[in-house]
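Residue numbers (the numbering used here): 1 to 311. Every residue gets a Cβ at the ideal spot worked out from N, C-alpha and C, and that includes glycine. For clarity, every value in this text was computed on a predicted model and none was experimentally measured. Read the structure below first, then the notes.
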């Protein structure tokens with residue numbers, strides 16, 4: 001049984017690097033890289049980061065597409081993907097912790113007015129601002145899956161007030177939980193920071209639009225580390241220009257890399273990062289190993305995506 005690695009992001013992880021890491025756990029496995037795949041009929045399992053429409057059809061005997069991350073919406077949206085091919089994502093504790101650290105850093109930067117101080121430094125201006133207190137600040141986390149819970153825990157540990165929103169009801173200690181589209185206005189209205197870690201589905205596409213952005217406080221900040229498809233970027237720019245909210249941090253965009261022509265690059269209320277909030281695979285590599293073994297033995301796979309709900 002052959003596993004093919006085709007990451008397509010050498011700046012993040014080279015195919016051969018992942019192959020070497022996997023061979024530590026299964027030295028006898030047939031693991032190939034995209035630059036030398038051999039006979040494509042041999043490939044049973046494909047491991048990817050970026051996935052192109054129709055890609056699975058290149059491999060006549062493919063049984064599994066393993067994503068090196070949590071987001072599988074581009075794979076599931078491929079109408080040409082045969083029903084017989086299963087799709088799995090990785091357990092994301094390592095990158096999830098990194099995303100929690102990233103979102104906390106974004107919030108603390110605002111709490112302590114670091115952007116204002118950087119601006120003042122350029123003007124040789126000595127001006128102090130009172131820090132905002134965590135206990136008086138509400139952070140709303142949208143998406144309460146594995147990563148969302150890690151973000152919630154991070155902010156609770158720093159004494160922030162935390163609210164959460166998800167597709168289905170959740171019960172989390174010390175968190176004001178909301179669920180469903182009907183309760184979205186309530187959670188947005190109370191938040192000083194809105195952190196989105198939602199997956200991309202038909203229900204979440206352009207969730208942050210002209211209407212929903214009006215539900216936020218004019219002093220609030222949007223932090224998106226989920227999927228770029230969730231934000232209507234033109235509506236966001238207009239909302240920022242009209243002071244409907246204070247700022248935005250975008251680690252994900254509708255088009256990546258972000259085109260130089262995008263006004264987001266030059267907007268003084270927007271901070272952009274190139275999809276780096278969660279970086280390392282860590283122990284999640286073992287999930288690839290385990291799914292290879294389970295595919296071979298016919299056992300249920302780890303973290304298999306549900307095509308009906310889209311993640």
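Which runs of the beta strand (DSSP E) at least 3 residues long sit entirely within the stretch 250-302? Give them in chain order.
270-272
Per DSSP, what kind of secondary structure is residue 345 in: helix, strand or coil?
Since the first residue of the chain shown is 1 and the last is 311, residue 345 is not available in this structure.
Could you say which of 131, 202, 84, 109 lies nearest to residue 248 if we only look at CA atoms?
Among 131, 202, 84, 109, the Cα nearest to that of residue 248 belongs to 109.
Where does the unbroken alpha helix (DSSP H) through residue 219 begin, and where does it stop?
Counting along the chain, residue 219 falls outside any alpha helix (DSSP H), and DSSP gives it neither H nor E.
Return the bridge partner residues of residue 248 from the DSSP annotation.
222, 270
How would you call residue 53, buried or exposed, if buried means at least 16 neighbouring beta carbons within 10 angstroms?
By the 10 Å Cβ count, residue 53 comes out exposed.
Would you report the Cα separation of residue 324 and residue 160, rounded to the nearest angstrom?
It is not possible to answer for residue 324, since the shown part of the chain is limited to 1 through 311.
Could you compute how far the alpha carbon of residue 67 sits from the alpha carbon of residue 47?
6 Å
Please report the residue range of the beta strand (DSSP E) in which residue 211 lies.
Here residue 211 belongs to no beta strand (DSSP E); instead the alpha helix (DSSP H) covers 210-213.
Is the distance from the Cβ of residue 301 to the Cβ of residue 86 below 9 Å?
yes
Could you tell me if residue 260 is buried or exposed, where buried requires 16 or more neighbouring beta carbons within 10 angstroms of its beta carbon?
exposed
Would you report the Cα separation of residue 208 and residue 188, rounded to the nearest angstrom?
11 Å
Between 34, 219, 264, 226, which lies nearest to residue 71 when the distance is taken from Cα to Cα?
226
Please report the distance separating the alpha-carbon of residue 18 from that of residue 9.
12 Å
Run through the DSSP bridge pairs and tell me what residue 9 is partnered with.
Residue 9 pairs with 13.
Express the C-alpha separation of residue 25 and residue 262 in angstroms, rounding to a whole number.
44 Å
Nearest CA to the CA of residue 309: which residue from 240, 203, 94, 194?
203
Between residue 150 and residue 100, which are expected to be in contact by the criterion C-beta below 8 Å, what is the C-beta distance as a whole number of angstroms?
5 Å
On the DSSP letters alone, give me the boundaries of the beta strand (DSSP E) that residue 165 sits inside.
161-166
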